[in-house]
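**Q** Numbering of the sequence shown is given in the numbering used here, commencing with residue 28 and proceeding in unit increments.
Quick reminder that beta carbons are idealized off the backbone N, C-alpha and C, glycines included.
Please read these numbers as outputs of a predicted model, since none were measured by experiment.
Starting off with a structure, shown below.
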Amino acid sequence: MPLNINKHSIFTEHGYDYREEYDFSELTPEQKQQALEVVNAYFTPLHSIEIIKLITRLQIISPEKDKTPIDLEARTSIWVEELRKYPADIVKTALKQKYRWFPALAEVLDYCDNEVAHRELIRKGLIYNDRLQAEVS
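Right, here's the structure in full:
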């Protein structure tokens with residue numbers, strides 16, 4: 028499939044950055060549909076049981092202050108609820124990263140948001156547009 032991704036260096040008031048440009052103009056409607064099906068498959072969430080296993084793993088390997096079983100159960104429930112919104116591979120990577128201490132939920136969600144942003148941009152480009160630009164920080 029003829030998909031062009033170009034990176035452009037830019038300098039902003041905040042310093043060096045770059046933009047990625049996704050060009051879908053050379054794809055036929057059939058190729059766009061096929062690519063969209065592939066991208067959509069990468070939005071499949073991880074099953075709750077698998078998220079619980081990964082959180083349990085993280086609790087074992089990442090030190091944290093003493094928590095009661097009620098605290099751990101409540102936290103796990105909240106984390107599962109939030110992480111079910113993200114693609115499976117992104118959640119797996121986020122929960123298997125090296126953390127010095129047990130991470131805050133916000134830290135994990137920030138990682139997931141950053142990772143899913145490119146996929147979302149590509150999906151929107153395939154649906155709505157022939158050309159999209161993304162600022163990548």
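1) Short check: CB of Ile82 to CB of Thr103, under 8 Å?
2) Would DSSP call Asn141 helix, strand or coil?
3) Rounded to whole angstroms, what is the Cα-Cα separation between Ile149 and Leu136?
4) Indicate the three-state DSSP secondary structure (helix, strand or coil) for Arg146 in the structure shown.
5) Taking just the CA atoms, how far does Phe38 sit from Ala68?
6) Give the C-beta separation of Pro114 and Thr55 to the nearest angstrom, bearing in mind that I take them to be a contact with Cβ-Cβ under 8 Å.
7) So, using beta-carbon positions, are Ile105 and Val143 closer together than 8 Å?
**A** Taking the geometry as given:
1) Numbered from its first residue, the sequence shown carries residue 82 at position 55. Numbered from its first residue, the sequence shown carries residue 103 at position 76. Their beta carbons are under 8 Å apart, which means Ile82 touches Thr103 by this criterion.
2) Stepping through the sequence shown from its first residue, residue 141 is reached at position 114. Asn141: helix per DSSP, three-state reduction.
3) One-based indexing of the sequence shown puts residue 149 at position 122. One-based indexing of the sequence shown puts residue 136 at position 109. Their Cα atoms are separated by approximately 20 Å.
4) On the sequence shown, residue 146 is found 119 positions in, with the first residue counted as 1. The answer is helix: DSSP assigns Arg146 an H, G or I state.
5) As a position in the sequence shown, residue 68 is number 41, starting the count at 1. As a position in the sequence shown, residue 38 is number 11, starting the count at 1. Cα to Cα, the separation comes out at about 35 Å.
6) For the purposes of this step, residue 114 is identified with residue 87 of the sequence shown, where counting begins at 1. For the purposes of this step, residue 55 is identified with residue 28 of the sequence shown, where counting begins at 1. Actually they do not touch by this definition, with Cβ atoms about 26 Å apart.
7) Position 78 of the sequence shown, counted from the start, is the residue given in the question as residue 105. Position 116 of the sequence shown, counted from the start, is the residue given in the question as residue 143. Contact: no.
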